[in-house]
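All remarks here apply to the structure that follows.
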Amino acid sequence: MTFEQLQLAAPLLRALQEEGYTHPTPIQQKAIPIVLEGRDIIGCAQTGTGKTAAFALPILQNIARQKASDNKRHIRVLIVTPTRELAIQIDESFAAYGRHMQLSHTVIFGGVSQHAQTKALQRGVDILTATPGRLLDLCNQGFVHLNNIEIFVLDEADRMLDMGFIHDVKKLVQLLPQKRQSLFFSATMPDSIVKLANTIVNNAKFVSVQPISSTAEKINQSVYFVEAPEKRKLLVHLLKDASIRSALVFTRTKHGANKVTKMLNLAHIKAEAIHGNKSQNARQMALKNFKAGDTRVLVATDIAARGIDIDELAYVINYEVPNIPETYVHRIGRTGRAGASGIAVSFCDREERAYLKDIQKLIQMDIPEATDDTWQHAVDVPDTKVEYGRRPAPPRNDRPAESGQGDAARKSRRKKPGYRRSN
């Protein structure tokens, strides 16, 4: 099937040709006709299968041919997604696909000043992509009005639930018009997500392109059974292979991401960390450097990594096995995207074996054990410590004395009655 057969408008087909897209993915083949008809949809497809284009393309076509009722520029499309990175990526996709259409768009998210975002909103936009917290904040301030929304998209709904945004989502739904088209997309579809979907959509069509919670067939998965202290040595050993041009390494915590990044840089492997404690500018710069090849390894937490879409990323390493099985699917979905092949390697210590068992039950396959044991003979890598909020004290001779008299002042204080030298 081709995009022409999906009855997309000429400006969209032109943009797709410029982007190098020739054939729609399975989720796009199934979802685009339904969205074009104006129907609600519940879409289940793993990451990297083209969900963004599956809703962006028909949305652009529908609102381009249906002018606003009062000919004013109100927010007509709202896309809500859990992370800043994914929100930016979606907005960039609308920019790329709609470059030949006279439609405006913008993105809002927390962690940065709202000034530029409110200025864009005041100029008027047709399509708004947002994270829940900042969106509700600007609604409360009167900068965002949702009473003209024609199409509502909730993307990565399962992660939204994991991140505790369920209450924010329910508040937002209450602000939307009853008469609207609702599109609900999720990589996994547990019962809790189905219940959430049923509060948002109306007589929706369900589409799924692969078994729920499956992993991409072209991803070569393996696991090393290794104790926690030896993970450092194994990671450095693997990344010394020059054929691995770039790798995305996952940790469970922000502190862990910082430790791994510091350790890799000490081993002369250029790495940067991306997680929620980093400023938005720092996160975007790290992602930009990784995409450009200036940084070879990006160390990320699960929340920060959602929305990272990198062409030809062939290597994902689970430095720590996730304790939520669905998270494993999301992690390794960063590679093997759009039909490409990929490699996913996991380091599993004694305490993580129960997590691995849950993952294998979810994906309905046994992850094969890696047979390479040459790393055990590699030079050990020392542990690293990351200090937060503390700066090294200046040399003692540079510390100003209270009286400004230097060593003489300190000696004079010791002679005062009641003075005790502390150990």
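Quick note: to get my numbering, add 294 to the position in the sequence shown (first position is 1). Where a beta carbon is used, it is the ideal one built from N, C-alpha and C, also for glycine.
Since residue i and residue j are thought to touch, with beta carbons under 8 Å apart, how far apart are those beta carbons, to the nearest angstrom?
i           : j           : result
residue 611 : residue 594 : Between residue 594 and residue 611 the Cβ distance is about 11 Å, and since that is not below 8 Å, they are no contact.
residue 480 : residue 446 : Not really, about 15 Å apart at Cβ, beyond 8 Å.
residue 448 : residue 487 : Residue 448 to residue 487, Cβ: 10 Å. No contact.
residue 649 : residue 543 : Between residue 543 and residue 649 the Cβ distance is about 17 Å, and since that is not below 8 Å, they are no contact.
residue 379 : residue 516 : Rounded, the Cβ-Cβ distance is 27 Å, inconsistent with contact.
residue 596 : residue 629 : Not quite, the Cβ-Cβ distance comes to about 15 Å (not below 8 Å), so this is no contact.
residue 547 : residue 554 : In fact, because the Cβ distance is near 10 Å, the residues do not count as touching under 8 Å.
By Cβ distance below 6 Å, which residues in the same chain neighbour residue i in space, the five residues on each side in sequence not counted?
i           : result
residue 468 : none
residue 646 : 615
residue 305 : 394 and 395
residue 681 : Because residue 681 carries a pLDDT of 49, less than 50, the predicted location of this residue cannot be relied on, and no value is offered for it.
residue 669 : 528 and 531
residue 643 : 521 and 522
residue 583 : 589
residue 339 : 321, 345 and 503
residue 619 : 652, 653 and 656
residue 538 : 609
residue 533 : 563
residue 414 : 400
residue 580 : 566 and 568
residue 428 : 402, 403 and 404
residue 672 : 527 and 531
residue 617 : 649
residue 457 : 376
residue 438 : 432
Are residue i and residue j closer than 9 Å when you measure CB to CB?
i           : j           : result
residue 474 : residue 444 : yes
residue 396 : residue 346 : no
residue 565 : residue 589 : yes
residue 440 : residue 391 : no
residue 244 : residue 421 : As displayed, the chain neither begins before 295 nor continues past 717, which places residue 244 out of reach and without an answer.
residue 423 : residue 623 : no
residue 419 : residue 399 : yes
residue 348 : residue 319 : yes
residue 387 : residue 518 : no
residue 369 : residue 442 : yes
residue 551 : residue 591 : no
residue 431 : residue 408 : yes
residue 484 : residue 462 : no
residue 406 : residue 571 : no
residue 359 : residue 303 : yes
residue 372 : residue 356 : no
residue 465 : residue 493 : no
What residues in its chain sit with their C-beta under 7 Å from that of residue i, if we drop five residues either side in the sequence?
i           : result
residue 336 : 478, 491, 495, 498 and 500
residue 459 : 376 and 426
residue 686 : For residue 686, the pLDDT reaches just 42, beneath the cut-off of 50, and the residue's location in the model is therefore unreliable, although a value from the coordinates is still provided. Contacts found: none.
residue 327 : 300
residue 324 : 501 and 503
residue 712 : A caution first: residue 712 carries a pLDDT of 48, below 50, which makes its placement in the model too unreliable to give a value.
residue 783 : Summary: the structure shown does not reach residue 783, with the chain confined to residues 295 through 717, and so no result is reported for it.
Which same chain residues end up closer than 8 Å to residue i when comparing Cβ atoms and leaving out the 5 residues on each side of it in sequence?
i           : result
residue 514 : 635, 636, 637 and 638
residue 313 : 390 and 391
residue 334 : 475, 476, 477, 478, 495, 496, 497, 498 and 499
residue 332 : 356 and 475
residue 309 : 390, 391, 392, 393 and 394
Which residues does DSSP list as the beta-bridge partners of residue i?
i           : result
residue 425 : Paired residue(s): none; residue 425 is not in a bridge.
residue 620 : DSSP, once it has assigned bridges, lists no residue as partnering residue 620.
residue 448 : 374 and 478
residue 545 : Answer is none; residue 545 lacks a bridge partner.
residue 514 : 637
residue 533 : None, per the DSSP bridge assignment.
residue 499 : 335
residue 400 : 422
residue 591 : 541 and 565
residue 609 : 637
residue 519 : 642
Between residue i and chain B, is the shortest Cβ-Cβ distance under 9 Å, so that the two count as touching?
i           : result
residue 434 : Although the question refers to chain B, the structure presented lacks it and comprises just one protein chain.
- Task: Note down, one range per segment and in chain order, each beta strand (DSSP E) of at least 3 residues found wholly within the stretch 452-495.
- Result: Entirely contained in the stretch 452-495, the beta strand (DSSP E) runs reaching 3 residues are, in chain order, 475-480.
- Task: Note down, one range per segment and in chain order, each alpha helix (DSSP H) of at least 4 residues found wholly within the stretch 635-672.
- Result: With a minimum length of 4 residues, the continuous alpha helix (DSSP H) runs that stay inside the stretch 635-672 are 647-657.
- Query: Hey, which unbroken runs of the alpha helix (DSSP H) at 4 residues or more fall wholly within the stretch 295-321?
  - Reply: Segments of the alpha helix (DSSP H) lying fully in the stretch 295-321: 304-313.
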